[in-house]
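The sequence shown begins at 1 in the UniProt record's numbering and counts up one residue at a time.
In this text, a Cβ means the ideal position worked out from N, Cα and C, and glycines have one as well.
Taking it in order: structure first as structure tokens, then the write-up.
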Amino acid sequence: MVEPTDAIIRLAASCICGSDLWPYRGDDDVDHTPMGHEYVGAVTEIGDEVKTLRVGDFVVGLLGILAARQLGAERIIAMSRHADRQAIAREFGATDIVEERGDAGVARIKERTGGYGAHSVIEAVGTQESMMQAIRATRPGGHIGYVGVSHDVSLDGLELFFSGVHLHGGPAPVRRFLPELIQLIWDRRIDPGKVFDLTLPLEDAVEGYRAMDERRATKVLLTV
């Protein structure tokens with residue numbers, strides 16, 4: 001314990017995030033850089049000034065299609081070329097699947113939205129292709145939330161201006177939504193854990209990274 005506002009969490013498991021694959025592939029500097037930022041555990045100790053946690057509380061993360069469904073979206077279009085991920089997307093509430101990428105993917109989305117594009121889009125990859133696809137698949141006046149960590153993405157200011165879309169970036173305000181979402185999980189109304197299709201002990205983390213990089217696993221859970 002360093003500060004009176006600190007809390008200590010005993011980890012039970014850690015997840016491999018898609019953004020962890022960037023340093024794994026050598027695209028980001030990994031010199032003495034700790035890996036991993038998604039974890040599940042229990043609070044074992046809190047500082048004197050901590051007011052919102054208690055010893056024994058649990059920490060967990062959540063997903064996007066489930067959130068859209070919970071917020072009342074009637075039509076949810078998921079973009080995926082992999083059958084296993086498509087199945088999970090369907091189970092979580094996706095009504096449509098688009099396999100095409102780039103301009104072909106944009107055209108397919110517009111076909112399914114009366115030629116207008118989607119009202120709201122989540123860009124969760126962080127590449128040039130995925131960002132431009134998100135912008136072009138959104139109708140004028142629509143919203144794009146990009147949560148994918150950007151890697152060498154360059155935006156054409158003129159195209160963005162005339163697209164008429166609202167572009168929102170930055171980490172999600174987890175604390176704002178976490179209590180409600182945790183309750184939904186606790187009440188078994190949603191089950192985000194279904195995305196984990198490979199569970200390995202922490203000492204086999206290398207295989208977990210390899211499996212996600214090679215698209216043999218959708219999401220890997222490393223147990224401690």
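Boundaries of the alpha helix (DSSP H) in which residue i is found, first to last residue
i: Arg-175; result: 174-186
i: Gly-170; result: Here Gly-170 belongs to no alpha helix (DSSP H), and DSSP marks it neither H nor E.
i: Ala-208; result: Looking at the sequence shown, residue 208 is not Ala but Gly. Per DSSP, Gly-208 belongs to the alpha helix (DSSP H) from 205-213.
i: residue 225; result: Residue 225 falls outside the range modelled here, since the chain spans only 1 to 224, and no answer is possible.
i: Leu-158; result: 157-163
Collapsed DSSP secondary structure at residue i in the structure displayed
i: Glu-99; result: coil
i: Ile-16; result: coil
i: Ser-150; result: coil
i: Gly-41; result: strand
i: Trp-135; result: For the record, residue 135 in the displayed sequence is Ile; it is not Trp. Three-state result, Ile-135: helix.
i: Leu-202; result: helix
i: Leu-11; result: strand
i: Ile-46; result: strand
Residues near residue i in its chain [Cβ-Cβ closer than 8 Å; skip 5 each side]
i: Gly-193; result: none
i: Arg-25; result: Asp-213
i: Asp-96; result: Arg-75, Ile-76, Ile-77, Ala-78 and Arg-112
i: Asp-84; result: Asp-197 and Thr-218
Close Cβ partners of residue i (< 7 Å) along its chain, the five nearest in sequence each way excluded
i: Arg-10; result: Gly-41, Ala-42 and Thr-44
i: Ile-135; result: Ile-144, Leu-160, Ser-163 and Val-165
i: Arg-81; result: Glu-99
Assigned exposure category for residue i - 16 Cβ within 10 Å defines buried
i: Met-1; result: exposed
i: Gln-133; result: buried
i: Ile-8; result: exposed
i: residue 275; result: Since the first residue shown for the chain is 1 and the last is 224, residue 275 is missing from the structure and cannot be characterised.
i: Met-35; result: exposed
i: Ala-104; result: exposed
i: Tyr-209; result: buried
i: Ala-211; result: buried
Span of the beta strand (DSSP E) around residue i
i: Pro-140; result: 138-146
i: Ala-118; result: 118-123
i: Leu-21; result: Run containing Leu-21: none in the beta strand (DSSP E); it sits in the alpha helix (DSSP H), 21-24.
Contact set for residue i: own chain, Cβ-Cβ below 6 Å, skip 5 residues either direction
i: Ser-19; result: Val-149
i: Val-30; result: Pro-23
i: Ala-124; result: Val-147 and Gly-148
i: Gln-86; result: Ser-80 and Ile-97
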